[in-house]
Every structure is written in structure tokens, then in C-alpha cells.
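Residue numbers 8 to 996, in our numbering, belong to the letters of the sequence shown in order. Every residue gets a Cβ at the ideal spot worked out from N, C-alpha and C, and that includes glycine. Remember, it's a predicted structure, so these values are computed and weren't measured experimentally.
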Amino acid sequence: MLLTKKSGAAAGAPVSSSFVHRLRHGLSQAVPTMDRRAFLRRSGLGVGAGLAATQLTLVKKADAAGAAKSIDGSGTVEVKRTVCTHCSVGCASDAVVENGVWVRQEPVFDSPINLGAHCAKGAALREHGHGEYRLRYPMKLVNGKYQRISWDEALNEISARMLDLRKQSGPDSLYVIGSSKHSNEQAYLLRKWMSFWGSNNCDHQARICHSTTVAGVANTWGYGAMTNSYNDMQNSKVALYIGSNAAEAHPVSMLHMLHSKETGCKMIVVDPRFTRTAAKADEYVRIRSGSDIPFLFGLLYHIFKNGWEDKQYIHDRVFGMDKVREDVLAKWTPDKVEEACGVPEAQMIKVATMLHESKPGTIVWCMGQTQHTIGNAMVRASCILQLALGNVGVSGGGANIFRGHDNVQGATDVGPNPDSLPGYYGLAEGSWKHFAATWGVDFEWIKKQYASPAMMTKSGITVSRWIDGILEKNELIDQESNIRGVLFWGHAPNSQTRGLEMKKAMDKLDLLVVIDPYPSATAAMAAMTSAPGDLNPNRAVYLLPACTQFETSGSATASNRSLQWREKVIEPLWESRSDHMIMYQLAQKLGFDKELVKNYQMQKVKGLDEPVPEDILREINKCVWTIGYTGQSPERLKAHMKNMAAFDIKTLKARGNVRDKETGVDLTGDYFGLPWPCWGTPEMRHPGSPNLYDTSKHVMDGGGNFRANFGVERDGVSLLAEDGSHSLGADITTGYPEFDHVLLKKLGWWGELTPDEQAKAEGKNWKTDPTGAIIRVVMKNHGCHPFGNGKARAVVWNFPDPIPQHREPLYGTRPDLMAKYPTHDDKRAFWRLPTLYKSVQDKNIADGLDKKFPLILTSGRLVEYEGGGEETRSNPWLAELQQESFVEINPKAASERGIRNGERCWVVTPTGARLNVQALVTERVGPDTCWMPFHFSGRWQGQDMLQFYPAGAYPVVRGEAVNTATTYGYDSVTMMQETKTTICNVEKA
């Protein structure tokens, strides 16, 4: 909603130059308005740039790559098929390009994912490519101001600084923050680039988005990803949204839910705030922020009490549910549940009954559940609820975990994680040798790039904690040197907590590089005046203009694990270069360029060499067997993009016999986007896996079972599935371990490999066999899964809390509950750093912070903006829709503070931060809670940071970042930051 009153200008009236002037300077003044149709017309969905309405036939569904004459006959018009670069739904869009200029766009009506729809952000995609507020050329910070420099200067100076840091302090003194907006190919190449640099100090957005999901879900049943799909939600009979405001964060996903509601699906929304998603719910449940486990286990209490659990399913496919049952019935009686989460018994019974009576049921969660110090436990509690109900591995069920950015899923799968190589291969020597063989480089050479063999196998510092890698005492850090250089490669700093300390960390660096199409808040924070003595006088700051994803090509993985190939829409604008070109050019300066691109052809872009993205994907296809990124060849993905109309919108399966007319690629039986795992080589033609762990289908039709990833026995109890629990048509009808050369020989299947395959697979398992033959024989010939057939784990013995336990946040308003449900003990050398828990919580109680800061502060998304917001707030079409950062405060709390709706106020937190924002007085939040959007930056404790951005490259709308004020706190498994439950007070300005 708009907080600034609009004028009554006509809907179709043009935006005045004075309005644009006001937007550029971020002033809150009355502005012209427009209705939704006018907005869509003017943002490129109506007549534009010389294309009349009669020329709509240019956007032919089957001719996304076609060309036609322009209207005046002077040039060509091409239609390029791309995918929205904002949230993870994966909406396809056709970009109309005339003489090299992107003139308009159309949502793809044939897309089975977005069904011809766009949200506000998707409708404004063209502006992100042609946006006038982009970073146009390399810049360097000189005496507090950014000055233009050449690419040669930038690359030479940055690489020289990097090599100096390496010589003085070792390779771990550099930290690289990747991006979930990188394509799969770029994310993969960045992890390879870091490996050749010689450090695991790299990470990206998923750490502060869904790392607790990945760890919690993978340790429950095998893979850390969404099990079903948006489309499959149309088969659900009940959907429980917890910590997800899909209507704003993933708007087009709601299409599928609304279709499902039309056929009787019940929708339950659980959230501390009454959201736009809650407005669509059949039942809204308001819980106290951070109390997800009491709520979820409170539901399980009634399910167990009434015998509503699926006993046969649990017997056949789940380990440890009996232990969970004992824990739940003993601890989460209705009175304890109401005390901890605020939900009365009657509503708990009502929701539990809905889940029992309406099957199959799905559960949806997002960052409202993940971003907590016990995020891993909350995630597992959600998994356990679904296992108890028998809802995993069935159509209409599962855990539909919506990711944030467009390629958070893919970047997590194959990108720069600090604790794994692409495909979640660990950092053990065997994994390194697997990739060394794929990359065609000597394993010993890679090892020598690292500070020591021990550092090669040690997980790096996480993106949530790079601040402490700089500020912490060196003797407490588990690496040779503190971090001295940071590369922000497409990451927004305002999406991270502890903003005040982040500024201090930036000031201490020797080298800070920002690589981004838009300069991000990092640029302004780096240039902002520091206190005397705080700034490192030798620090160097550079900005490099990266291409958008519309100026290159590559694949992206949506939340449902489907891959889509983006065509290049336009050539790189101004002096921007693609991320993979920059990686190659830096590698040239650093001395490992030949190793980096050994397996790739090079292409010329504006006269410069760039690795061919298709070749990078082909390399991924040759090595990422673990999660099945091996069947999605560029050719198959491109054929899917051109033939979207062939796929069913509920099942995602191709209808009938389908071949691509131009290439002859066979799509028959495929699921759209070949959702991983897509097993074996592309030639094996696995169709992809629409719903994970589904035993009702053959493994060669996307079926499966739970992964045998945790051994075969625990405390004398089998961890393998029971007799009769197996995927359709499997030759082995009981549980079995994962396959390797030994098991194949014991079963008599080894002879089904060719002699050459046997030679290469000898001593290997299904994850390291370079031929893929073990996978082929096991699946095609015998209907079994290469990863075995095991039970899901309700008890995860290798986690701090094997059965999820509720623990109060470090900063809270209920010291009585902190005493009953205390946090973890402090940890030493956890992800290379000490991590505090109980000492912080105890001090906060002793200091009486609940009295000084009596309101819970939480945060979330707006439909108009995405992520850190620098891109979307630089888009005038979107900037008009939401011009102010604001805090939602309940009328009771506002009245007690003398604050009226629309007035300025200060949000203050225990960090000492003071945020000047507008008050939105609303009953969306309860009297104990405040809420802020997290997409804002550009104002710093009341100060406009405009002067600190590069000239011409700043966001149109600037506002206070909630994370300037958020407090310390990290998940006990993954270092996920705590953003959803801290404390604050609000004062009248």
C-alpha cells in the first residue's frame, strides 16, 4: 500500500518530469497515480516503442526465438524468451527486441508455471535491463567520492591487491559473497573459481534465506529442497502456510493455490501478522513470533491423542516417530502450547482436525520459519508433522518450501557454499578428487592453492558472519588471518543483520569490491563518513558493472527444482560485463585462467572472450550426480522453453508424443524443466522428478523413495524401508543401501556395464562413477534408486536437538519463557568462529531489556520490491508504488506512545540503532509486535545517503534498512541469522 497520499491524476496521464525529479531525490510529495491496467500498459505490456496493437502476432508462442521485420521495415524484431529475475516462482516472459532494443514484453501464457501472469515486479522487467540508474562503468572510491576508471585499471589494481593479501595473510584473508541471482552456470563457476583461488571462504544468499531448510530437510529425508511443486498444490485438499506470505513474496504462486481452493482445498495461514495471504485463508492463526515448534507440536499432540497419525506409513517409512510421540505428549499439552505460542486449545483442535480430515495436505514455509536461532529445529518440526500424517511422497502433499531470489535453489545446489562443492559433495579428499578429474586439473595442484591440506577440508566462514571474520580477535578465529578483503558479487548488505557492526567491518578492510548491475547499499555504506580513526587509511574500494541476466544466457532453477534456460535478450549495455566474463578476466590476472576454462569454448562478446554458458552446464552434467543435475542438457532445456504448451499445468508432464520441430529433441514423458533429480546422462532421457519420494511411480517416471543417507542401522534398529515399501516396479521390494561397485557385484548386476564402464566405475559409487553407468543399470534395468531405499528420520541424532526443542530467542520480551525454554550453550570454533547463545540471553535478562524494549520486531517482504531492493527501488514504475520505509504498529501500542498513523517515528533496538520511518498504525500486528519490510536501504539512522552513491547510480526510493537495527543470533547448525524475532521500542519523532 502507499503511505504517501496520491493526487487524483487521470489513470493514463503521463508521469511528469517534476515527478521523476522528485523520485530521483526521494522526496515524499503527492504524486500522480494510475490504475493497474494503465500501469501494465505503460510498463511495457501495452503498445510501446513503435509496436502497434495489431503487431501482437509478433509474439508467437512457438516462435520465441523468431525474427520479423519491424513495422517500418527498417530492421528486425526478435522475441527472446527469458525468466523473471526476482522471486523463485520462475515466471517466463517474452521480450520483444527491435534493432537490439528491448521495447516491450509479454508474460508467457503457455508457461505451466505462471500461466500468462506477472506480478508487479515481473511486469516491470524491461526496466531492470534498460534501467537508467544502473552502474555503467568501473569506479573507484577516491577521497570519499566515486570516480570513473577503465576496466584495465580496475582489474589490474584489484588483482594486485588480492595477490598482496594472499602473500601477506594467505588465501583465507579474502571473502567472496556470491549471488542467488547468478545463473546456475555462473554460481558453479564461482565455486570453481574459489577452489582455484584456494579458499572455502565463500557463500551466498541462501545462508540467510533457507540454509536451515536445506540442513533440516536433507537430514530428515535426503534432499534439502521443495518436495513437490506450485502446480501440484492444485491437488491438495488442505494447505498450511507457516511463516510464508506468498501473496506478496511469491505472488504468482498464489494462482495455483486459488485454483486449488476452487476445488475445495482448505487454506490455513499461521503468522504473527495478518498478511495478504492470511486474507485468503479459511483459518488464520496468530502465533507469537518464534513459537513455531509449540504450535506444530501442539497440532501433533492432538493428532497422536486421537490416533490420527498414519501408522502404516510411519511403520514402513519413518525412523524415530515413537520417540517424538513420547516427547510431544509429555511436553506439549494444550496449556503449555497456549502459554508458549498464544493459540487456545479450541483453535488447535480445529486446525488439527482440518489436517486429519483433508488429505493429501501440503505445508508451505519460508523465511518466517527459517530465520531463527532454532530454524533447523522449526523446519524439522514441519517435516515431522507431514511424516506423521503420511503426506510426504504423495501428490498434493509434501513440503512446498518457497525460495527467495530467482536462483536461490540453483545457487545452493551447485554454487559457492562454504561447506561443500557443487551438488552438496562434501570437502573430503574423495570429493575433491572427483571434481579435479572433471575439471581436468591435478588434485595436488588444487591442494597447493590452499593455505594447508587442513584448510582445504574445513568449512569456511558463512556470509552471515563475515563481519566477525573481520572484527573478532584473531586468536579466536580458526584460520591464519582475519578477513582483509571482501568481494560482494551480487549481494545486498542490507539483507544481513547487525548493520552498525557491518559498517565498522567495512571500514577496517584493505579491499572492498562490489560487482553488481546496481551498486547496492555496499557502495553507499563504504563511502559514508566514518568516525575518526575507524577507517583503514589503506582501504581500496571498487565498483564493477555486471550485466543483468537479460544480457547473457544461462539456466535458473525455480523453487520446484525445474530448470529453465534464459535466452540473451540484449547485448551488454554501457560497459557492463557478464559475471562469468569477469571471473575469467580476474583468473587471467591471478594465474589460473587456463585451468578455469579448460573444458569450455570461448565466445566473443563486444570483442572480449567469455566462456560459453552451455559448456559450463555440460560440465555440471558430467559431475553433479548426487542431486541429478546430469540429465538437463542445454538442448533439452531449450526444447522445453520452446514447447511450454506441451506440458500439463497440474502434473507438469508433457502431453502425448512431443518433439521439438527444429532440433528433433524428444520431450515425450518429460516433466517441465526436468526438475532435479534428472538422473543419468541426457541420453538416458530421465524425465525429471516432479514430486520427490513418490513410490507410486517407477523411478524412470520420476518416482522414488526416501534416501538411504544415514547408514543402515541405528541402535540395533534398521534405517532401511520395510518390506513392501518400494518404488513402483522395483526389483528389490524391501529397503536397501545406496549403490556402489561392491553392491552391484553382489547382486550380479556388474556385468550389465560395458567393459569400459566397468574399468571407470571400479572402486566408485553412484555419486563418483564418471560414466553414470551405475545409475543407468540400477534405474533402467532394475527400477531401483541409486541412493538406496531408507527411512526418513524423525530423530536426527547428529543435530544439537535430535528431537526439535523449542528455545526462546536471545532477545525476547518474555524472560519467564526464557527461563523455561533456554537457548543453547555458547559454542567455540563453530564455522571457524566462536558463537554466543546462553551468555547473550542471560545478560539480556539480567539487564532487563524486555522492559526497555517491550515490542517484538519482525520483518518481511512487500509485493513491490525484492531482496535488498536496490534493483526494484531503482525502477520508477515500482518506486511509485511504495515510497517509504515504515513500521507497522498496533493501535494500542501506538496510542500508548502518542503515535498517529502516517507520522514519523523512531524504531530503536538494543544495538543502539535508531531508524526514522513512517508509522503505519494497523491491527495486522498484535499489541506486542512491530513489523518492517526489509527491502530498504539508502537512509542511515535518519540521514539520506544519496551523496554517498555514485553519480547517477542510486535507488529512486531510499529508506531505513531494518537490518541496520537487528540483533545478534545464529542458528545452531547452519549460522542462519535471527531476523524474525528480536526486540525494539518505538518513539514519536
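From the DSSP output, in three-state form, read off residue i for me.
i    : result
D42  : Because the pLDDT at D42 is just 46, under 50, the model does not fix this residue reliably, and the value given afterwards should be weighed accordingly. Looking at D42 - three-state DSSP - the assignment turns out to be coil, as it is neither helix nor strand.
K312 : helix
W446 : helix
Y320 : helix
G19  : In this prediction, G19 scores a pLDDT of 33, lower than 50, which makes its location untrustworthy; the coordinate-derived value is nonetheless stated afterwards. Coil.
N106 : coil
S944 : coil
R29  : Confidence at R29 is low in this model, with a pLDDT of 38, below 50, so the placement of that residue should be treated as unreliable; the coordinate-derived value is given next. Helix.
D747 : strand
D210 : strand
F512 : According to the sequence displayed, residue 512 carries Ala and not Phe. A512: helix per DSSP, three-state reduction.
W938 : strand
S527 : helix
S979 : coil
F794 : coil
V149 : strand
W838 : coil
Between which residues of its own chain and residue i is the CB-CB distance below 6 Å, once the five residues before and five after are set aside?
i    : result
V724 : none
W158 : P145
M264 : M240
Q639 : L570, L681, C685
G382 : T219, D978, M983
T989 : Y818, L864, T973, T974
Y549 : K147, A161, I165, V520
I782 : W686, G687, W773, P793
Counting C-beta neighbours from all protein chains within 10 Å, is the total for residue i 16 or more, i.e. buried, or is it exposed?
i    : result
A799 : buried
S438 : buried
E994 : exposed
E985 : buried
H322 : exposed
G731 : exposed
W938 : buried
L34  : Because the pLDDT at L34 is just 34, under 50, the model does not fix this residue reliably, and the point stays unresolved.
P351 : exposed
S527 : buried
L856 : buried
Would residue i and residue j be called neighbours here (beta carbons separated by less than 9 Å)?
i    : j    : result
D978 : T380 : yes
G185 : G497 : yes
P423 : C209 : yes
H733 : T741 : yes
V969 : F943 : yes
L922 : T971 : yes
K605 : V448 : yes
L644 : A661 : no
A127 : L885 : yes
C997 : W228 : Nothing can be reported for residue 997, as the shown portion of the chain is limited to 8 through 996.
P697 : S236 : yes
In the DSSP assignment, what are the bridge partners of residue i?
i    : result
T778 : None; T778 has no bridge partner.
Y818 : Answer is none; Y818 lacks a bridge partner.
F713 : Partner(s): none; F713 has no beta bridge.
G966 : G945
S725 : E720
R88  : D101
G368 : V245
Y182 : V493
A799 : V325
I990 : I863
F409 : Paired residues: none, contrary to the question.
A926 : V894
Identify, in the order they occur along the chain, each residue of the same chain with its Cβ nearer than 8 Å to the Cβ of residue i, setting aside the five sequence neighbours on each side.
i    : result
S95  : H257, F409, R410, G411, H412, D413, N414, V415, Q416, A565, S566
T981 : R214, S218, T219, V221, A222, G382, N383, T469
Taking 7 Å as the limit between beta carbons, can you name the residues of its chain near residue i, skipping five residues before and five after?
i    : result
L760 : A768, A780, V784
Tell me whether residue i, by its Cβ, gets closer than 8 Å to a heavy atom of the ligand MG.
i    : result
N908 : Of the ligands one can find in the structure shown there are none, so the ligand MG has no counterpart to examine.
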